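What follows is a short report on a single structure.
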Amino acid sequence: MTWDQSQHCAILEYDRDVDLDQQVEKDDNEWIEKLLAAEQASPEFEGTITIDLSMPAAKDMDDRATVGIAANMAALLENMKADVNGLCTELEIAAEELAQAKDAEAAKDACILELEAKMAEQASVTGKHSSSSPSSSKATSLADSGGQGQNLHNQNTSSQVAHSSLDAYLNSLPPGNYFGDDSRQKSPRVTRVLFQNVQGLPFPMTHEKQKGLFKCWTDERVGIALLAEVNLQWSAVPRGHKWFDRVKSFTNQGHFSSVSYYEHQEFPTPSAHQWGGCSATLLHKVARRAKSGGKDESGLGRFSWIKIRGRDIRQQESQTDGPPAGPLDLVVVSAYQTMESGRV
Numbered sequence: 001m002t003w004d005q006s007q008h009c010a011i012l013e014y015d016r017d018v019d020l021d022q023q024v025e026k027d028d029n030e031w032i033e034k035l036l037a038a039e040q041a042s043p044e045f046e047g048t049i050t051i052d053l054s055m056p057a058a059k060d061m062d063d064r065a066t067v068g069i070a071a072n073m074a075a076l077l078e079n080m081k082a083d084v085n086g087l088c089t090e091l092e093i094a095a096e097e098l099a100q101a102k103d104a105e106a107a108k109d110a111c112i113l114e115l116e117a118k119m120a121e122q123a124s125v126t127g128k129h130s131s132s133s134p135s136s137s138k139a140t141s142l143a144d145s146g147g148q149g150q151n152l153h154n155q156n157t158s159s160q161v162a163h164s165s166l167d168a169y170l171n172s173l174p175p176g177n178y179f180g181d182d183s184r185q186k187s188p189r190v191t192r193v194l195f196q197n198v199q200g201l202p203f204p205m206t207h208e209k210q211k212g213l214f215k216c217w218t219d220e221r222v223g224i225a226l227l228a229e230v231n232l233q234w235s236a237v238p239r240g241h242k243w244f245d246r247v248k249s250f251t252n253q254g255h256f257s258s259v260s261y262y263e264h265q266e267f268p269t270p271s272a273h274q275w276g277g278c279s280a281t282l283l284h285k286v287a288r289r290a291k292s293g294g295k296d297e298s299g300l301g302r303f304s305w306i307k308i309r310g311r312d313i314r315q316q317e318s319q320t321d322g323p324p325a326g327p328l329d330l331v332v333v334s335a336y337q338t339m340e341s342g343r344v
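Throughout the sequence shown, residue numbering follows UniProt numbering, covering 1 to 344 in sequence.
Dropping the structure here:
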């Protein structure tokens, strides 16, 4: 018998006169059983019979593959075990760091409580000294006698608290503890003017800072808004994000604006940022009385202005010591003076 490597089979030569049954009982080999099957299928055949023994070979290959897979699985399990051990180590380190952070936070809270206790103790001592002072005794006696005076030490405590708006600040004050007109009373003959150094507007009009500015205008019922240090090169801002588009999205009751910026910058930045710049804006009913507007003609962006049409004083109404006859126009200006580096 010879093995054909190219065909993966055994070539067996035998003599038909040999009793194969006896040979099978003697050797009990699988290839002899296949040989008997071949002889029964073709009894007239004599000579060389090719028997395919690939099945036992394939079986051996499967056994070897199984051994190889088992070895690979064992190596993979070892790697996974190493990864799990490394992960456990990292978790232990993270847990230790978290515990340290909690301890530090607890220590910080303890320091804050201790500081608050000391401040409260100091305040109580100060209150005792002030209550025993002559001025405090005088204020107390005036209050007990029904006088109009108040203890100045207890007045205007709201100034120590941050407020979201001017109205919120005024509402926190005791009655009579302010002077001037009450801005909480909305009068049709009053226009509220706001001037603010915004320290730069954002490039997209949907930015939270832009929304916060418009919310301030609404809460404070602003009619004339003057802004300084806008910090935008409006010629480099794309359509839909320019100042006119922003104010248009804020109100549909009328608006009029004049903006100025540094116009000599040759290469704009990607964010259109530049220092300086001003804007003047009329809102709602005030915008209907706009006559004209202008800006810094030098292109430096130092100021913007708007002329508002006023009441026309007739000749018979004019007096020698009063305003002359003619329109009482009003010009509002938003100006920003740049300072040298290092100066305040």
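From the three backbone atoms N, C-alpha and C, an ideal C-beta is built for every residue, glycine too.
These figures come from a predicted structure and were not determined experimentally.
Straight-line Cα distance separating residue j from residue i
| i | j | result |
| --- | --- | --- |
| Phe214 | Phe250 | 7 Å |
| Thr191 | Leu115 | 47 Å |
| Met80 | Ala74 | 10 Å |
| Leu328 | Arg311 | 5 Å |
| Val332 | Lys307 | 7 Å |
| Gln337 | Ala225 | 18 Å |
| Gly200 | Gln185 | 32 Å |
| Leu142 | Asn197 | The pLDDT assigned to Leu142 is 35, lower than 50, so where the model puts this residue is not dependable, and the model offers no usable value. |
| Gly147 | Val193 | Residue confidence for Gly147 is low, a pLDDT of 41 falling below 50, so the modelled location carries little weight; the figure read from the coordinates is stated next. When rounded, the distance between both Cα atoms is 38 Å. |
| Pro188 | Ala287 | 15 Å |
| Gln253 | His284 | 5 Å |
| Glu208 | Ser165 | 18 Å |
| Ala101 | Arg302 | 51 Å |
| Leu91 | Ala99 | 12 Å |
| Asp109 | Ala117 | 12 Å |
| Trp305 | Ala168 | 31 Å |
| Ala95 | Ala106 | 16 Å |
| Ile93 | Ala104 | 17 Å |
| Thr206 | Val259 | 20 Å |
| Asn171 | Ala236 | 43 Å |
| Cys216 | Leu227 | 13 Å |
Residues that residue i bridges to, as DSSP identifies them
| i | result |
| --- | --- |
| Ser292 | Lys307 |
| Gln253 | Paired residue(s): none; Gln253 is not in a bridge. |
| Pro188 | According to DSSP, Pro188 bridges with nothing at all. |
| Pro174 | Pro174 pairs with nothing; no bridge assigned. |
| His273 | Leu232 |
| residue 357 | Residue coverage of the chain in this structure runs from 1 to 344, which leaves residue 357 outside it and unanswerable. |
| Phe195 | Leu226 |
| Gly86 | Answer is none; Gly86 lacks a bridge partner. |
| Pro327 | Asp312 |
| Leu282 | Ile224, Phe256 |
Status (buried if at least 16 other CB within 10 Å, exposed otherwise) for residue i
| i | result |
| --- | --- |
| Gln274 | buried |
| Ile69 | exposed |
| Gln233 | buried |
| Met119 | exposed |
| Val247 | buried |
| Asn231 | buried |
| Leu87 | exposed |
| Ser132 | Only weak support is given to the placement of Ser132: the predicted model assigns it a pLDDT of 48, under 50, and the question is left unresolved by the model. |
| Val84 | exposed |
| Phe256 | buried |
| Gly299 | exposed |
| Gln122 | exposed |
| Thr218 | exposed |
| Ser124 | exposed |
| Ser334 | buried |
| Lys211 | exposed |
| Gly326 | exposed |
| Leu77 | exposed |
| Gln160 | Its pLDDT being 48, under 50, Gln160 is placed unreliably in this model, and the value from its coordinates should be taken loosely. Result: exposed. |
| residue 347 | The first residue shown for the chain is 1 and the last is 344, placing residue 347 beyond what the model contains. |
Return the chain-ordered ranges of every beta strand (DSSP E) run that is complete within the region 207-240 and spans a minimum of 3 residues. 222-228
Given 8 Å as the limit, is there contact between the region 273-287 and the region 230-243, that is, 3 or more CB pairs closer than that? yes
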